[in-house]
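Trainee:
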Amino acid sequence: MTDIPGHLPHRPPFLLVDRILEREPGVRVVAEKLVAAGEPCLRGHGPDRPLLPEVLLLEMLAQAAGFLEADSLHGRAMFLAGIQDARFQAPVLPGDRLRLEVSPEGAFGGLMKVRGTATCEGREVCAASLMVKRS
Amino acid sequence: MSDLKLRVKEMIIDRLKLEGMTPDQIEDQAPLFGEGLGLDSIDALELVLGIEQVFGVKIEDEASGTKAFRSVEALTAFIAEHRKA
């Protein structure tokens, strides 16, 4: 069982990864996030029809990508340096259980490019490439 | 322009989405980063991935990158030297 708060410095309400299902550092990470009805971001987005803000899917994938690093990120820093080819194929609603899969495409000069997809019940809701700066 | 140099320029334009740019607008000797084409570190990673995908040549570390990315001329020479085919 991966110790999530021990690895990521993020904390609620901005810790957006609930569980790590599979993890092979440097190769592949599969994480899970349950979008609960009480999430703070859903309260204002929007009051009549709560909907997960799509940009948060990118943050979820970025946080999942943090687990590609073998060592804890406490005391280090990982920044999102770029987003490419982001697609949001379907709305994410309260109660949705998201599967977040990330794998690196390559690295150079302290930057890593990661391909990520978020799926809900087998259906892709988001796909994007993220450039992550490591220090 | 040599065939390989032209393909290198086409790869740069394609990979970095330099829309509207043509190979003959990229000078052989101009630096790729900073002055010259003005590329940044994210572009460098894109080029590393593009070079591997298109030419099968890996740029393993920053030292080889610094050497290879001096100019299109230098990059073409680097690819020609390391390419197996």
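So the sequence lines, in the order shown, correspond to chains A and B. Last residue of the first sequence: number 138 in my numbering, and the count goes up by one each step with no gaps. Last residue of the second sequence: number 94 in my numbering, and the count goes up by one each step with no gaps. Glycine residues also receive a C-beta, built at the ideal position from the N, C-alpha and C atoms.
1) For alanine 83/B, which residues of its own chain have a beta-carbon under 8 Å away from its beta-carbon, when the five flanking residues on both sides are left out?
2) Does the Cβ-Cβ distance between phenylalanine 111/A and glycine 74/B come in under 8 Å?
3) Give a yes or no on whether the minimum CB-CB distance between alanine 53/B and chain A is below 8 Å.
4) Which ranges would you report for the beta strand (DSSP E) in the region 29-58 of chain B if only whole runs of at least 3 residues count?
5) I believe isoleucine 51/B touches alanine 84/A by the beta-carbon criterion, under 8 Å. Please report the beta-carbon distance rounded to the nearest angstrom.
6) Assign glutamate 55/B to one of two classes, buried (16 or more other C-beta atoms within 10 Å of its C-beta) or exposed (fewer than that).
7) Could you tell me which chain A residues have their CB closer than 9 Å to the CB of leucine 58/B, listed as they occur along the chain?
8) Aspartate 41/B to alanine 131/A, Cα distance in whole Å?
9) On the CB-based measure, 16 or more other CB atoms within 10 Å of its CB, does histidine 77/A come out buried or exposed?
10) Against chain B, does glycine 29/A count as a neighbour if the rule is that its beta carbon must be under 8 Å from one of theirs?
Mentor: The structure says:
1) Lys76, Ala77
2) yes
3) Closer than 8 Å: yes.
4) none
5) 6 Å
6) Its Cβ being crowded by 16 or more others within 10 Å, glutamate 55/B is buried.
7) Glu108, Gly109, Phe111, Lys116
8) For the sequence presented, residue 41/B should be read as leucine rather than aspartate. Leucine 41/B and alanine 131/A: Cα-Cα distance of roughly 27 Å.
9) exposed
10) Answer no: the Cβ-Cβ gap between glycine 29/A and chain B never drops below 8 Å.
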